[in-house]
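Visitor: Starting off with a structure, shown below.
Below, the structure written as structure tokens:
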């Protein structure tokens, strides 16, 4: 290998898009879209949405493009998860930079329906429970595990759970999102005390009414950043 | 470009090594090693230690190798900071995966002295105050800014500050590390109350004696993880 070729490695991007799915009456679950591969290696196996980084696009642009091409999904923001670069993670040497985002189920449904209606949607995409995945191509099982670990971890110190919620929500909605992320039940009274003490919620004057007693709606205090947005700057944002 | 060449982008690694430097009597400061470039582009400018990713090494191995080759430093653990991939961050297209670590000043001194004694140390490395850097090559000023932001941010919810401290330390040592990271003074009584309430410190039976009244030494509770160690696994760890 000549000196000028050093560092010439194939670079790919993938995305982990997490949503909270609720089947009628069942406990909500974290779900993500997968794409069945139509080419070698791992032809026929499920994989994360993704593709090659092109010369004239940033990493985040490549992640957004390949996600939109396969799933029609367009999260308002993709956060960089990790760069995976083990030597043998693919038959040829590939570094994959992985992005992730949380989407509400109603956003997923609206974007998916619009994509179907466009006539350009491929038929090899399916949503899967994050906790019961098949064996995925490459190291994608490990990547999903890491995304779920980061999600549970961030739930402890950031407002990441609100990525699953509409702008106004009840404390029960918020607790359910945390329970889904953490995979365990939380005591309602303790949960209420903790979120009220944290001071990240702003009570509204609105209530949700229905079969139960009216529940106050809350909004998140947007003075606190939702997520680590990375070293954003004019250079890192999308080029026109 | 043929299909088989898609994604062929040059991949580099860089490292941000942070230490806490104390000049006699002065306020301690965060410092990092820089390397003066001997080749184009940016010949003669200062840059982070780093180099090209080779075909047969993982990202972390490349970061550790290039750091050791230039500075002789060998942190016990390098954490991935971020993958920088803006299209115009370098004259040719380069994706840089950046790692970071905290080193104690005495570790830096011992490793640097051993490297000097080996006779292989290059003469183009210097330590700089993180808060008063010259204009660095590429987007390296932005990378350092991001590393410092992450350090300050992590100080709020993790034990990152202990990366600057020996295994046993006084509360004044710990407060000084936090003050250096955050760039502001902290009230000693409030600080003591907060760290005691957090329960991450284990008091020892040892005291530091000297010109002041004896101060109890503490250790960190190692049941809590020091840092996000990434998706570590047999595949991601170094190959033999």
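Chains as they are written, first to last, in full-length UniProt numbering: chain A, 1 to 240; chain B, 1 to 240. We put the CB at the ideal spot given by N, CA and C, even for glycine.
#1: In the DSSP output, what is residue 220 of chain A paired with across the bridge?
#2: Report all residues from its chain with a CB closer than 6 Å to the CB of residue 191 of chain B; omit the five preceding and five following residues, and keep chain order.
#3: Hey, quick one: how far does the beta strand (DSSP E) through residue 22 of chain A stretch, first residue to last?
#4: Run through chain B and tell me which residues come within less than 8 Å of residue 9 of chain A, C-beta to C-beta.
#5: For the ligand NAP, any of its heavy atoms closer than 7 Å to the Cβ of residue 211 of chain B?
#6: Taking the Cβ atom as the reference point for each residue, do residue 59 of chain A and residue 95 of chain B lie within a distance shorter than 8 Å?
#7: Within 10 angstroms of its Cβ, does residue 143 of chain A collect 16 or more other Cβ (buried), or is it exposed?
#8: Return the chain-ordered list of same chain residues with a C-beta closer than 8 Å to the C-beta of residue 183 of chain B, the five sequence neighbours on each side being excluded.
#9: Short check: CB of residue 124 of chain A to CB of residue 133 of chain A, under 8 Å?
#10: Is there a C-beta anywhere in chain B that falls below 8 Å from the one on residue 87 of chain A?
#11: By Cβ distance below 6 Å, which residues in the same chain neighbour residue 90 of chain A in space, the five residues on each side in sequence not counted?
#12: To test your reading of the DSSP string, which unbroken alpha helix (DSSP H) runs of 4 or more residues are found completely within the UniProt domain "Nudix hydrolase" (8–152) of chain A?
#13: Consult DSSP for residue 168 of chain A and reduce its assignment to one of helix, strand or coil.
#14: What does DSSP give as the partner residue(s) for residue 207 of chain A in the beta ladder?
#15: If we count the other Cβ atoms within 10 Å of its Cβ and call it buried at 16 or more, is residue 106 of chain B buried or exposed?
#16: Quick check: what's the CA-CA separation for residue 116 of chain A versus residue 93 of chain B?
#17: Please confirm whether residue 162 of chain A has its beta-carbon closer than 8 Å to some beta-carbon of chain B.
#18: Any chance the segment 42–56 of chain B sits against the segment 20–33 of chain A, with 3 or more Cβ pairs inside 8 Å?
#19: Give the residues from the segment 150–180 of chain B that approach chain A closer than 7 Å (Cβ to any Cβ), ordered along the chain.
#20: Ordered along the chain, which non-local residues of its own chain (more than five positions away) have a Cβ less than 8 Å from that of residue 168 of chain B?
#21: What in chain B is Cβ-close to residue 80 of chain A, meaning under 7 Å?
#22: Compare the Cα-Cα distances from residue 103 of chain A to each of A:33, A:13, A:197 and report the closest residue.
#23: Please report the distance separating the alpha-carbon of residue 128 of chain B from that of residue 31 of chain B.
#24: Using a threshold of 8 Å, state whether the C-beta atoms of residue 147 of chain A and residue 81 of chain A are closer than that.
#25: Comparing alpha-carbon positions, which option in A:185, A:122, A:87 lies nearest residue 38 of chain A?
#26: Are any of the Cβ atoms in chain A nearer than 8 Å to that of residue 58 of chain B?
#27: Return helix, strand or coil for residue 6 of chain B, following the three-state DSSP convention.
#28: Can you find the residues in the same chain that come closer than 7 Å, C-beta to C-beta, to residue 85 of chain B, ignoring five residues on each side of it along the sequence?
#29: For residue 43 of chain B, which residues of its own chain have a beta-carbon under 6 Å away from its beta-carbon, when the five flanking residues on both sides are left out?
Guide: By the coordinates alone:
#1: BP columns for residue 220 of chain A point to A:201.
#2: Hits under 6 Å: 175.
#3: Element bounds for residue 22 of chain A: n/a, residue is neither H nor E.
#4: Residues of chain B with a Cβ closer than 8 Å to the Cβ of residue 9 of chain A are, in chain order, 8, 9, 10, 11, 53, 55.
#5: Among the ligands in the structure shown, none appear at all, so the ligand NAP cannot be discussed.
#6: Yes; because the gap between Cβ atoms is below 8 Å, this pair is in contact.
#7: Under a 10 Å Cβ-count criterion, residue 143 of chain A is classified as buried, with 16 or more other Cβ atoms of the shown protein chains found around its own Cβ.
#8: 131, 152, listed in sequence order.
#9: Residue 133 of chain A sits away from residue 124 of chain A, with the two beta carbons spaced by 8 Å or more.
#10: Judged by the 8 Å Cβ criterion, residue 87 of chain A is in contact with chain B.
#11: 138, listed in sequence order.
#12: You should have 59–71, 105–118.
#13: DSSP places residue 168 of chain A in coil when its eight states are reduced to three.
#14: Residue 207 of chain A has A:216 as its beta-bridge partners, per DSSP.
#15: Residue 106 of chain B is exposed by the Cβ-count criterion.
#16: Counting only the Cα atoms, residue 93 of chain B lies some 36 Å from residue 116 of chain A.
#17: So, not an interface residue.
#18: The answer is no - the segment 20–33 of chain A does not touch the segment 42–56 of chain B, with fewer than three Cβ pairs under 8 Å.
#19: Cβ contacts with chain A come from 157.
#20: Only 204, 206, 217, 218, 219 meet the Cβ criterion.
#21: Under a criterion of Cβ atoms nearer than 7 Å, the residues of chain B adjacent to residue 80 of chain A are, in order, 82, 83.
#22: Minimum Cα-Cα distance from residue 103 of chain A among the listed residues A:33, A:13, A:197 corresponds to A:33.
#23: So the two alpha carbons sit approximately 5 Å from each other.
#24: Cβ atoms of residue 147 of chain A and residue 81 of chain A: closer than 8 Å.
#25: Residue 38 of chain A has its Cα closest to that of A:122, out of A:185, A:122, A:87.
#26: Judged by the 8 Å Cβ criterion, residue 58 of chain B is in contact with chain A.
#27: Collapsing the DSSP output to three states places residue 6 of chain B in coil.
#28: Cβ neighbours of residue 85 of chain B beyond the five flanking positions: 95.
#29: Taking C-beta separations shorter than 6 Å and ignoring five residues to either side along the sequence, the partners of residue 43 of chain B in its chain run 37, following chain order.
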